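S.K.: Residues -21 to -1, 1 to 544, numbered by mature numbering (1 follows the signal peptide of the UniProt record, and there is no 0), are exactly what the sequence shown covers, in order.
Backbone N, C-alpha and C define an ideal beta-carbon position, used for all residues, glycine too.
None of these values were measured; they are calculated from a predicted model.
Below is a structure I'd like to ask you about.
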Amino acid sequence: MGGIFLLLLAITSLLPMYTIGGTTRSYEFNIELQNVTRLCHTKSMVTVNGKYPGPRIVAREGDRLLIKVTNHVSSNITIHWHGIRQLRSGWADGPAYITQCPIQTGQSYVYNYTVIGQRGTLFWHAHISWLRASVYGPLIILPKLNVPYPFTKPYKEVPIIFGEWFNTDPEAIISQATQTGGGPNVSDAYTFNGLPGPLYKCSAKDTFKLKVKTGKTYLFRLINAALNDELFFSIANHTLTVVEADAIYVKPFKTETLILSPGQTTNVLLKTKSKFPGANFLMSARPYVTGQGTFDNSTVAGILEYESPVPMKNLPLFTPTLPSLNDTSFVSKFSNRLRSLANSKFPANVPQKIDNHLFFTVGLGTTPCAQNRTCQGPNGDRFAASINNVSFVQPSVALLQSHFFNKSKGVYSPYFPVNPLHWFNYTGTPPNNTFVSNGTKLMVLPFNTSVELVMQDTNILGAESHPLHLHGFNFFVVGQGFGNYDPKKDPKNFNLVDPIERNTVGVPSGGWVAIRFLADNPGVWFMHCHLEVHTGWGLKMAWLVLDGELPNQKLLPPPADLPKC
């Protein structure tokens, strides 16, 4: 009898962990081409199940998800489940050449993972080249059955996913930019749920409209899936109550305007007016811009309409006032208002004792043009970007497999620098030499290492806000500021009590941000700027978290259908 028990124990230790009572939910994702028309331009684009944006995935905390992705297009594909921790299931995380080789034409792969200790609004998107321009959708994790929200139960929940529309093929845009070394062409419109709205030419019919009842509370699940733009959002003549960010409940606060970086989500409550207002209201988003390059200076709008007791035409339309394009002060103040609930039900387990103090510079740079050629980046060179002046070189095999099978030699170096090799006045006059170094370097962390990471923006080619996304973890944002980080003075002001916990944070333009996390998830975890243009230039790196000693602290073996390179 004891032998049978041990055998069962051995078998269950190999299965993905999931809480008792969770349900297994299966989805089919067919990657296929679909003709889509926006702004009077029709193009064939890569979609999931022919939908743009893609299908909504809904699960509960504790559920296991089995999502079979079959590739029917000529491009390689992977899907990332943005914000899912993937505890011991890194094979399902999705970034191409980091945790898996891509799914090739005619092949399929089942993403198999369990949602452990998370609930809220996340999203999924392609994680290879620029395919996430059209391959994305909401991933909504409801609380466990009969567990209430820690705020007013909404009458209705509405996902609004921000995107970017390109009249031409985004893959052609990035391909051309890679060849020339210059900046890529910008998008032609922003979208709400795939619709650009009435402020763009021939787009009145492609407008997101939301009909609401008076005196009700609505939960808006806002997701920024745009490729390259941080976006302000507001609804005319309405106040919003922020209750969640990146699938973490926050201390509620009221605001008329929000800022969301690509990769960030925010849940807000909208209490509709008690009486029919006799008007319609635009909800709008437009970019927050800090860099020196070109950008899509346009505004997406949807319409909030109240149900009328009698049919009414030609109602006045109110427009919200959004901050100016470069309003860094608003962004900083908004970010500082976000605080974790930090109560007994939803504690903020901020690491108090730190094992590893790390300092990373993040910013732009250049790399030399090929001999006898002139490139379209600064001074005839190529645009680049880096962390600690290391511009990440994407490997041709997956890092996680290389690590798991002890075949890392020649694939990656385990010596990512803990701080910049050359110190300079990061937010002052930039150095004359803007060249980056190149390499595939990983930062190795023993299991359960507590990490404090300060990320410092640099002025090289201009200060710019960088939304940094960490895979496999949430982290606590314990401090931020402008200018150069001061290791003597700034830690005195860190919030170690109720800091916001999230998976994507903006490194302030001309400033710094400090985060803390516990490396309790074995595997290889990507960290990168969520502006796709900067990721392509090399503003990315990866963490290698080693196995712990106990069986439940080790990465599970790869699934049999893991794609091959």
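Taking buried to mean at least 16 other C-beta atoms within 10 Å of its own C-beta, is N315 buried or exposed?
M.R.: As a working note, residue 315 is residue 336 in the sequence shown. Exposed is the call here.
S.K.: Could you check where the beta strand (DSSP E) with E7 kicks off and where it finishes?
M.R.: If you number the sequence shown from 1, residue 7 lands on position 28. Segment T3 to R17, the beta strand (DSSP E) holding E7.
S.K.: Would you decide whether R352 is buried or exposed? Buried here means 16 or more other CB atoms lie within 10 Å of its CB.
M.R.: By 1-based counting over the sequence shown, the position of residue 352 is 373. So R352 ends up on the exposed side.
S.K.: The alpha helix (DSSP H) spanning L379 covers which residue range?
M.R.: Working through the sequence shown from its first residue, we reach residue 379 at position 400. Note, L379: alpha helix (DSSP H), L378 to F383.
S.K.: Buried or exposed for N207, going by 16 or more other Cβ atoms inside 10 Å?
M.R.: Numbered from 1 along the sequence shown, position 228 holds the residue referred to as residue 207. Under this definition N207 is a buried residue.
S.K.: Quick one: grab the DSSP three-state call for P542.
M.R.: Position 563 of the sequence shown, counted from the start, is the residue given in the question as residue 542. In this structure, P542 counts as coil in the three-state DSSP scheme.
S.K.: Could you please give the first and the last residue of the uninterrupted beta strand (DSSP E) stretch that includes I58?
M.R.: Residue numbering aside, residue 58 sits at position 79 when the sequence shown is read from its first letter. Taken as a continuous stretch (DSSP letters only), the beta strand (DSSP E) holding I58 covers I58 to H61.
S.K.: So what's Q435 in DSSP terms, helix, strand or just coil?
M.R.: Residue mapping note: residue 435 aligns to position 456 of the sequence shown, counting from 1. Looking at Q435 - three-state DSSP - the assignment turns out to be strand.
S.K.: Grab the span of the alpha helix (DSSP H) containing K312 for me, first residue to last.
M.R.: On the sequence shown, residue 312 is found 333 positions in, with the first residue counted as 1. Its alpha helix (DSSP H) spans residues T307 to R316.
S.K.: To the nearest whole angstrom, what separates the beta carbons of R64 and Q97, a pair I think is in contact under 8 Å?
M.R.: For the purposes of this step, residue 64 is identified with residue 85 of the sequence shown, where counting begins at 1. For the purposes of this step, residue 97 is identified with residue 118 of the sequence shown, where counting begins at 1. With a Cβ gap of about 6 Å, R64 and Q97 count as contacting.
S.K.: Cα-Cα, which of G460, Y134 and V486 is closest to N474?
M.R.: Sequence index remark: in the sequence shown, residue 474 carries index 495 (1-based). Each of G460, Y134 and V486 was checked against the Cα of N474, and the nearest Cα belongs to G460.
S.K.: Could you give the distance in angstroms between the alpha-carbon of L424 and the alpha-carbon of L18?
M.R.: Translated into the one-based positions of the sequence shown, residue 424 becomes position 445. Translated into the one-based positions of the sequence shown, residue 18 becomes position 39. Spanning the two alpha carbons is a distance of roughly 48 Å.
S.K.: According to DSSP, is E511 part of a helix, a strand, or is it coil?
M.R.: The count along the sequence shown starts at 1 and reaches residue 511 at position 532. Reduced to three states, the DSSP call for E511 is helix.
S.K.: Going by DSSP in three states, E143 sits in which element: helix, strand or coil?
M.R.: By 1-based counting over the sequence shown, the position of residue 143 is 164. Strand.
S.K.: Are the Cβ atoms of P231 and T220 separated by less than 8 Å?
M.R.: The residue labelled residue 231 in the question sits at position 252 within the sequence shown. The residue labelled residue 220 in the question sits at position 241 within the sequence shown. Going by C-beta atoms, P231 is nearer than 8 Å to T220.
S.K.: DSSP three-state label for L525, please.
M.R.: Taking the first residue of the sequence shown as position 1, residue 525 is located at position 546. Coil, per DSSP.
S.K.: I'd like to confirm the pairing. Which residues does DSSP put opposite N335 in its beta bridges?
M.R.: Taking the first residue of the sequence shown as 1, we reach residue 335 at position 356. Its beta-bridge partners are V430.
S.K.: So, is D42 buried or exposed, given that buried needs 16 or more other C-beta atoms within 10 angstroms?
M.R.: Sequence index remark: in the sequence shown, residue 42 carries index 63 (1-based). Flag for D42 reads buried.
S.K.: Roughly how many whole angstroms lie between the Cα atoms of E136 and S319?
M.R.: Reading the sequence shown from its first residue, position 157 is the one you call residue 136. Reading the sequence shown from its first residue, position 340 is the one you call residue 319. Distance between the alpha carbons of E136 and S319 is about 22 Å.
S.K.: G418 by DSSP, collapsed to three states: which one?
M.R.: Within the sequence shown, the letter at position 439 stands for residue 418. G418: strand per DSSP, three-state reduction.
S.K.: For S308, count the other beta carbons within 10 Å of its own beta carbon; 16 or more makes it buried, fewer makes it exposed. Which is it?
M.R.: Locating residue 308 in the sequence shown gives position 329, counting from the first residue. It is exposed - the Cβ of S308 has fewer than 16 other Cβ atoms within 10 Å.
S.K.: Using CA atoms only, rank isn't needed, just tell me which of F384, K250 and G73 is closest to Y134.
M.R.: Here residue 134 refers to the residue found at position 155 of the sequence shown. When each option's Cα is compared against that of Y134, the closest is K250.
S.K.: A280 by DSSP, collapsed to three states: which one?
M.R.: Locating residue 280 in the sequence shown gives position 301, where the first residue counts as 1. If DSSP states are grouped into helix, strand and coil, A280 belongs with the strands.
S.K.: If we ignore side chains and look at the alpha-carbon of each, how far apart do G99 and H450 end up?
M.R.: Working through the sequence shown from its first residue, we reach residue 99 at position 120. Working through the sequence shown from its first residue, we reach residue 450 at position 471. Between G99 and H450, the C-alpha separation is close to 17 Å.
S.K.: Run through the DSSP bridge pairs and tell me what M24 is partnered with.
M.R.: Start at 1 with the first residue of the sequence shown, and residue 24 comes out as number 45. In the DSSP output, where bridge partners are listed per residue, M24 has Q13.
S.K.: Run through the DSSP bridge pairs and tell me what E136 is partnered with.
M.R.: Indexing the sequence shown from 1 puts residue 136 at position 157. Answer is L198.
S.K.: What is the rounded straight-line gap between the Cα of K386 and the Cα of L379?
M.R.: Numbered from its first residue, the sequence shown carries residue 386 at position 407. Numbered from its first residue, the sequence shown carries residue 379 at position 400. Approximately 10 Å between the Cα atoms of the pair.
S.K.: Less than 8 Å between C-beta atoms, sequence neighbours within five positions excluded: which residues of the same chain meet that for L541?
M.R.: Position 562 of the sequence shown, counting from 1, holds the residue named residue 541. Here the set comprises W70, Q79, C80, Y88 and Q380.
S.K.: Assuming the contact rule is C-beta atoms closer than 8 Å, H61 and F102 should be a hit. Round their C-beta distance to whole Å, please.
M.R.: As a working mapping, residue 61 is identified with position 82 in the sequence shown. As a working mapping, residue 102 is identified with position 123 in the sequence shown. Yes, H61 and F102 are in contact; Cβ-Cβ is about 5 Å, under 8 Å.
S.K.: Let me know if T269 comes out buried or exposed under the rule of 16 or more other beta-carbons within 10 Å of its beta-carbon.
M.R.: For the purposes of this step, residue 269 is taken as the residue at position 290 of the sequence shown. By the 10 Å Cβ count, T269 comes out buried.
S.K.: Would you call the stretch 164 to 183 and the stretch 136 to 146 in contact, with 3 or more CB pairs under 8 Å?
M.R.: yes
S.K.: Please state the DSSP three-state secondary structure of A183.
M.R.: Position 204 of the sequence shown, counted from the start, is the residue given in the question as residue 183. A183 falls in the coil class under three-state DSSP.
S.K.: DSSP beta-bridge partners for E235?
M.R.: As a working note, residue 235 is residue 256 in the sequence shown. DSSP lists no partner for E235.
S.K.: Does the pairing of the stretch 485 to 492 with the stretch 354 to 368 give three or more beta-carbon distances under 8 Å?
M.R.: no
S.K.: Are K254 and T193 closer than 8 Å when you measure CB to CB?
M.R.: Position 275 of the sequence shown, counted from the first residue, corresponds to residue 254. Position 214 of the sequence shown, counted from the first residue, corresponds to residue 193. Yes, they are a contact pair.
S.K.: Taking the beta carbon of V289 as the centre, do at least 16 other beta carbons fall within 10 Å, making it buried, or is it exposed?
M.R.: Mapped onto the sequence shown, residue 289 falls at position 310. Taking all protein chains shown into account, V289 has fewer than 16 neighbouring C-beta atoms within 10 Å of its C-beta and is therefore exposed.
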